[in-house]
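Those sequence lines, one after another, are chains S and U. The opening residue of the first sequence carries number -2 in this note's numbering; numbering runs sequentially from there. The opening residue of the second sequence carries number -2 in this note's numbering; numbering runs sequentially from there. Just so it is clear, CB atoms sit at the ideal spot from N, CA and C, and this is done for glycine as well. The structure displayed is predicted, hence computed values, not measured ones. Written out below as structure tokens is the structure these notes cover.
2 protein chains.
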Amino acid sequence: MDISEVRARIVATADELYNAKGIQSVGMDELRTAAGVSLKKLYQEFPSKSSIVMAVLERRHQSWTEGLDARVRLAADPRARLLAIFDYLAGWFCDDSFRGCGFINSFAELGAISPEVAEYAREHKESFQHYVAHLVGDAGGPAYLAPQLSILAEGAQTTAAIAGTADAAGQAREAAVVLIDAALGKEAAAAP
Amino acid sequence: MDISEVRARIVATADELYNAKGIQSVGMDELRTAAGVSLKKLYQEFPSKSSIVMAVLERRHQSWTEGLDARVRLAADPRARLLAIFDYLAGWFCDDSFRGCGFINSFAELGAISPEVAEYAREHKESFQHYVAHLVGDAGGPAYLAPQLSILAEGAQTTAAIAGTADAAGQAREAAVVLIDAALGKEAAAAP
DNA sequence: TCAGAGTGAGAACGATCGTTCTCCATCTCG
DNA sequence: CGAGATGGAGAACGATCGTTCTCACTCTGA
Chain S
-2 MDISEVRARI VATADELYNA KGIQSVGMDE LRTAAGVSLK KLYQEFPSKS SIVMAVLERR
58 HQSWTEGLDA RVRLAADPRA RLLAIFDYLA GWFCDDSFRG CGFINSFAEL GAISPEVAEY
118 AREHKESFQH YVAHLVGDAG GPAYLAPQLS ILAEGAQTTA AIAGTADAAG QAREAAVVLI
178 DAALGKEAAA AP
Chain U
-2 MDISEVRARI VATADELYNA KGIQSVGMDE LRTAAGVSLK KLYQEFPSKS SIVMAVLERR
58 HQSWTEGLDA RVRLAADPRA RLLAIFDYLA GWFCDDSFRG CGFINSFAEL GAISPEVAEY
118 AREHKESFQH YVAHLVGDAG GPAYLAPQLS ILAEGAQTTA AIAGTADAAG QAREAAVVLI
178 DAALGKEAAA AP
């Protein structure tokens, strides 16, 4: 039983529970039971609940970043790579465990009372915007396109979470097509 | 001291506190002190904390709906009314007390454990989408434009909340201009 | 074999939560 | 004036939280 294997299982279990029920609703005892470790080992690996929360956020950031980038790399050209962002969202929204962006949720729950959480959520979103800006640059698009697409992606996440459907991904993708084609200088073909 | 005046003060105080610190972080005693009422009177007006939460959500829905509609009515033509949505957001984001959409936040905090809250948040967002669809219809735009603009507005709210700046309102508005003009059949003039 | 370090299960602790109850001062109305 | 209703301040209650402690048990190494 590797020592970091225990850490990983704790963080993975906390990630699932926090996503499903919210952070404040999940006590250390519930996490202990679900992860199958003793309370002593739990506090041996993490000094406090808030350190577990930060570890979960780091895990989420890595998971999101890698998943998105893997999907983007499947696309053939720069324009398709921009749209791949929304294909990634579509797949995510169909996951049964999808309950909205974990950073938006943790910011809503703890941002006001935990500067650590608020700052990490801000950095995560900033990192995403930089990633989009990088893709926009590769496509030869103007700088203003990146925040527009980022806002579309954020809105799709909250809309899908609250509505409980995956429709928002496709709707945001169609909007992205219009914004991208307009920004890249092509003329948009109006529907008849 | 009117009996409903006390109710209104309790709900208004709860709204401020819940917005500033999150719902679960604000105890009944803190609310009691801030509202300047006795615990007895508080429980005389509301049977439980969750009923106060629902009253706050109703207040937020009414305030949001009225504020948005008032701003929209200032606009001269149907296209300007669609853009007025984002002007309303811009003003809201500049408010010092802005900490994101209260429905997104309450859904993130309580949606998983309170079906009442989740359902009310869903209804609020649905109501907003219907409102946008009504404005789109008046402008002669296609049905698909409404969810696109709604998603933009949602994304602007979360982006502004987490980033801590009001930039997202203007960026979303520019994107809305492109989407609206494309949907209304005008040709978008590409920047040189 | 046996001292000693580490483990697991869970009791215990202090704090805080939502909610109720107690006590007493104040007002009303005849 | 005086009995009864009302309301305020806050103590009290049971539950639950994050965290620590107890204690019996199991390995290890010379």
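query: Which same chain residues, not among the five before or five after residue 16 (chain U), have their C-beta less than 7 Å away from its C-beta?
result: Along the second sequence, one-based indexing puts residue 16 (chain U) at 19. When the five nearest sequence neighbours on each side are left out, the beta carbons in the same chain lying within less than 7 Å of the beta carbon of residue 16 (chain U) are those of 94, 96, 99, in order along the chain.
query: residue 71 (chain U) by DSSP, collapsed to three states: which one?
result: In the second sequence, counting from the first residue as 1, residue 71 (chain U) sits at position 74. Three-state result, residue 71 (chain U): coil.
query: Mind checking if residue 176 (chain S) is an interface residue toward chain U, Cβ cutoff 7 Å exclusive?
result: Reading the first sequence from its first residue, position 179 is the one you call residue 176 (chain S). Chain U contact via Cβ: present.
- request: State yes or no: is the C-beta of residue 149 (chain S) within less than 7 Å of the C-beta of residue 172 (chain S)?
  value: For this step, residue 149 (chain S) is matched to residue 152 along the first sequence. For this step, residue 172 (chain S) is matched to residue 175 along the first sequence. Taking 7 Å as the Cβ cut-off, residue 149 (chain S) and residue 172 (chain S) qualify as a contacting pair.
Span separating the alpha-carbon of residue 20 (chain S) from that of residue 50 (chain S): Within the first sequence, residue 20 (chain S) is the residue found at index 23, counting from 1. Within the first sequence, residue 50 (chain S) is the residue found at index 53, counting from 1. Near 8 Å, if we compare the C-alpha coordinates of residue 50 (chain S) and residue 20 (chain S).
query: How long is the line joining the alpha carbons of residue 48 (chain S) and residue 146 (chain U), rounded to whole angstroms?
result: Taking the first residue of the first sequence as position 1, residue 48 (chain S) is located at position 51. Taking the first residue of the second sequence as position 1, residue 146 (chain U) is located at position 149. About 38 Å.
message: Please list, in chain order, the chain S residues whose beta carbon lies closer than 7 Å to that of residue 30 (chain U).
response: As a working note, residue 30 (chain U) is residue 33 in the second sequence. Those within 7 Å of residue 30 (chain U) in chain S number zero; the least Cβ separation is about 18 Å.
task: Could you check which residue in S:170, S:137, S:1 has the C-alpha nearest to that of residue 74 (chain S)?
output: By one-based count along the first sequence, residue 74 (chain S) stands at place 77. Nearest to residue 74 (chain S) by alpha-carbon distance, out of S:170, S:137, S:1, is S:137.
task: Could you tell me how far apart the beta carbons of residue 177 (chain S) and residue 142 (chain S) are, in whole angstroms, since I believe they sit closer than 8 Å?
output: Within the first sequence, the letter at position 180 stands for residue 177 (chain S). Within the first sequence, the letter at position 145 stands for residue 142 (chain S). That belief holds up - the Cβ atoms of residue 177 (chain S) and residue 142 (chain S) are roughly 7 Å apart, short of 8 Å.
query: Taking Cβ positions only, does residue 119 (chain S) come closer than 7 Å to chain U?
result: Against the first sequence, residue 119 (chain S) aligns to sequence position 122. Yes, residue 119 (chain S) counts as interfacial toward chain U.
query: What residues from chain U crowd round residue 155 (chain S), counting only those whose CB sits closer than 7 Å?
result: If you number the first sequence from 1, residue 155 (chain S) lands on position 158. Going along chain U in sequence order, the residues near residue 155 (chain S) (Cβ under 7 Å) are 101, 151, 155.
- request: Report all residues from its chain with a CB closer than 6 Å to the CB of residue 165 (chain S); omit the five preceding and five following residues, and keep chain order.
  value: Numbered from its first residue, the first sequence carries residue 165 (chain S) at position 168. The answer, listed in chain order, is 153, 156, 157.
message: Strictly under 7 Å for the Cβ-Cβ distance: is residue 94 (chain U) near chain S by that measure?
response: Within the second sequence, the letter at position 97 stands for residue 94 (chain U). No, because no Cβ of chain S sits closer than 7 Å to the Cβ of residue 94 (chain U).
message: Pairs of beta-carbons, one from the region 56 to 76 of chain U and one from the region 123 to 138 of chain U, closer than 8 Å: are there three or more?
response: yes
- prompt: Does the distance from the CB of residue 6 (chain U) to the CB of residue 32 (chain U) come in under 7 Å?
  reply: As a working mapping, residue 6 (chain U) is identified with position 9 in the second sequence. As a working mapping, residue 32 (chain U) is identified with position 35 in the second sequence. A contact, by the Cβ cut-off of 7 Å.
query: Out of curiosity, what's the CA-to-CA distance linking residue 133 (chain S) and residue 83 (chain S)?
result: The residue you call residue 133 (chain S) lines up with position 136 of the first sequence. The residue you call residue 83 (chain S) lines up with position 86 of the first sequence. When rounded, the distance between both Cα atoms is 14 Å.
field: Alpha-carbon spacing of residue 39 (chain S) relative to residue 29 (chain S), whole angstroms
entry: Translated into the one-based positions of the first sequence, residue 39 (chain S) becomes position 42. Translated into the one-based positions of the first sequence, residue 29 (chain S) becomes position 32. Between residue 39 (chain S) and residue 29 (chain S), the C-alpha separation is close to 7 Å.
- request: For chain S, find out if any of its Cβ atoms is closer than 7 Å to the Cβ of residue 18 (chain U); answer yes or no.
  value: To locate residue 18 (chain U), count along the second sequence from 1; it is residue 21. By this cut-off, residue 18 (chain U) is an interface position.
task: Put residue 155 (chain S) into one of helix, strand or coil per three-state DSSP.
output: Position 158 of the first sequence, counted from the first residue, corresponds to residue 155 (chain S). Helix at residue 155 (chain S).
task: Please compile the residues from chain S whose C-beta is within a distance smaller than 9 Å of the C-beta of residue 97 (chain U).
output: Reading the second sequence from its first residue, position 100 is the one you call residue 97 (chain U). 101, 104, 105, 108, listed in chain order.
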